[in-house]
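S.K.:
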Amino acid sequence: GENVGLHLPTLSVQEGDNSIINCAYSNSASDYFIWYKQESGKGPQFIIDIRSNMDKRQGQRVTVLLNKTVKHLSLQIAATQPGDSAVYFCAENSRAAGNKLTFGGGTRVLVKP
Amino acid sequence: DTAVSQTPKYLVTQMGNDKSIKCEQNLGHDTMYWYKQDSKKFLKIMFSYNNKELIINETVPNRFSPKSPDKAHLNLHINSLELGDSAVYFCASSQDFGGVQFFGPGTRLTVL
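Going down the list, the protein sequences come from chains A and D. Residues 1 to 113 in my numbering are what the first sequence spells out, letter by letter. Residues 1001 to 1112 in my numbering are what the second sequence spells out, letter by letter.
1) Return the CA-CA distance between D/Thr1007 and D/Gly1104, expressed in angstroms with no decimal places.
2) Within a Cβ cutoff of 8 Å, which residues of the same chain sit near D/Gly1106, ignoring the five residues on either side of it in sequence?
3) Keeping to the same chain, check which residues put their C-beta closer than 7 Å to that of A/Arg51; ignore five residues upstream and five downstream.
4) By the three-class DSSP mapping on this structure, what secondary structure does D/Leu1081 have?
5) Would you mind sorting A/Thr102 into buried or exposed? The rule is 16 or more other CB atoms within 10 Å of its CB.
6) Within the same chain, show all residues whose beta-carbon is closer than 8 Å to that of A/Asn80, passing over the 5 residues directly before and after it, in chain order.
7) When you check each C-beta in the stretch 1013-1045 of chain D against every C-beta of chain A, which residues fall closer than 7 Å?
8) Can a CB atom of chain D be found closer than 8 Å to the CB of A/Asn18?
9) Residues of chain A with a CB under 9 Å from the CB of D/Pro1105: which are they?
10) In whole angstroms, give me the CA-to-CA distance for D/Tyr1049 and D/Cys1023.
11) Taking 8 Å as the CB-CB cut-off, is A/Leu75 touching chain D?
12) In the DSSP assignment, what residue or residues form a beta bridge with D/Met1015?
13) Starting from the beta carbon of D/Gly1084, find every residue of chain A whose beta carbon is closer than 7 Å, and list them in chain order.
14) Rounded to whole angstroms, what's the CA-CA distance from D/Pro1066 to D/Ile1056? Just pull it up for me.
15) Quick check on D/Met1032: buried or exposed, where buried means 16 or more other Cβ atoms within 10 Å of its Cβ?
16) Anything in chain D within Cβ reach of A/Gly106, meaning under 9 Å, just list it in chain order.
17) Check for me: the beta strand (DSSP E) holding A/Leu75 runs from which residue to which?
18) Go ahead and pull the three-state DSSP assignment for A/Pro82.
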């Protein structure tokens, strides 16, 4: 079946720099996307979401970009801090597919001091 | 106060045993979920309940049986545990089906 494609690579970032985490999805019917952050030993934590009728959404230090043409989602973290070190997951939801949230494989972000 | 709580946090048991994991949410949500996260961090949904009714049942062995006594609780019972059941199990809840999900802290199950 179709799923969100994101293997578990590692992104090393210098503290204070911006981070960009990418996610490719294959289900063109997906209409809702969520980014989660999972710190070591904890459950995934909601960061930001975006619906398919938008291409950009901003939160506090985070921005999500959605490019439906190429089925690509990204999470930008401004001024990365040590507390941003975690595994980040994108997830997609499709009403047509029964509203089941499908997670990608995650990206590990390591912030270097 | 913890929004979604799970007990126990760690569970170590022998193959063939039966065990249960409990989950409670105090968010007033209608929908609850169980996920399995493997050693490579891949998250896979197992079950979803909406207003105590089962709405998602992925291809999970029938040794796994969820039980929802009320909207705030979704427990997971596992019979005849196998080595491959070792994983971290997460409970989650959402206001309604398809909405943002809030996760519990996870239960690390180790089957020896």
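Beta carbons: idealized from backbone N, C-alpha and C, even for Gly. Keep in mind it's a predicted model, so treat the numbers as computed, not measured.
M.R.: With the structure as the only source:
1) Taking the first residue of the second sequence as position 1, residue 1007 of chain D is located at position 7. Taking the first residue of the second sequence as position 1, residue 1104 of chain D is located at position 104. Rounded to whole angstroms, D/Thr1007 to D/Gly1104 spans 10 Å at the Cα level.
2) Mapped onto the second sequence, residue 1106 of chain D falls at position 106. The residues are Gln1006, Lys1009, Gln1037, Val1088, Tyr1089 and Phe1090.
3) The residue you call residue 51 of chain A lines up with position 51 of the first sequence. Hits under 7 Å: Asp31 and Tyr32.
4) Residue 1081 of chain D sits at position 81 when you count from the first residue of the second sequence. It is coil, neither helix nor strand.
5) Here residue 102 of chain A refers to the residue found at position 102 when the first sequence is read from its first residue. Under this definition A/Thr102 is a buried residue.
6) Numbered from its first residue, the first sequence carries residue 80 of chain A at position 80. One point to set straight first is that residue 80 of chain A is Thr, not Asn, in the sequence displayed. The residues are Val13, Gln14, Glu15, Gly16, Asp17, Asn18, Ser19, Val109 and Val111.
7) Lys1040, Lys1041, Phe1042, Leu1043 and Ile1045
8) Taking the first sequence and counting its residues from 1, the one referred to as residue 18 of chain A is at position 18. Cβ-Cβ to chain D under 8 Å: no for A/Asn18.
9) In the second sequence, the residue the question calls residue 1105 of chain D occupies position 105. Chain A residues near D/Pro1105: Gly41, Lys42 and Gly43.
10) Mapped onto the second sequence, residue 1049 of chain D falls at position 49. Mapped onto the second sequence, residue 1023 of chain D falls at position 23. Rounded to whole angstroms, D/Tyr1049 to D/Cys1023 spans 12 Å at the Cα level.
11) On the first sequence, residue 75 of chain A is found 75 positions in, with the first residue counted as 1. No, A/Leu75 lies away from the interface with chain D (no Cβ there is under 8 Å from its Cβ).
12) Within the second sequence, residue 1015 of chain D is the residue found at index 15, counting from 1. Answer is none; D/Met1015 lacks a bridge partner.
13) Taking the second sequence and counting its residues from 1, one reaches residue 1084 of chain D at position 84. Under the 7 Å cutoff, chain A gives no residues; its nearest Cβ is about 19 Å from D/Gly1084.
14) One-based indexing of the second sequence puts residue 1066 of chain D at position 66. One-based indexing of the second sequence puts residue 1056 of chain D at position 56. So the alpha carbons of these two residues sit roughly 11 Å apart.
15) In the second sequence, residue 1032 of chain D corresponds to position 32, counting from 1. Its Cβ being crowded by 16 or more others within 10 Å, D/Met1032 is buried.
16) Taking the first sequence and counting its residues from 1, the one referred to as residue 106 of chain A is at position 106. In chain order: Lys1040, Lys1041, Phe1042 and Leu1043.
17) Position 75 of the first sequence, counting from 1, holds the residue named residue 75 of chain A. Counting along the chain, the beta strand (DSSP E) containing A/Leu75 begins and ends at His72 to Ile77.
18) In the first sequence, the residue the question calls residue 82 of chain A occupies position 82. In this structure, A/Pro82 counts as helix in the three-state DSSP scheme.
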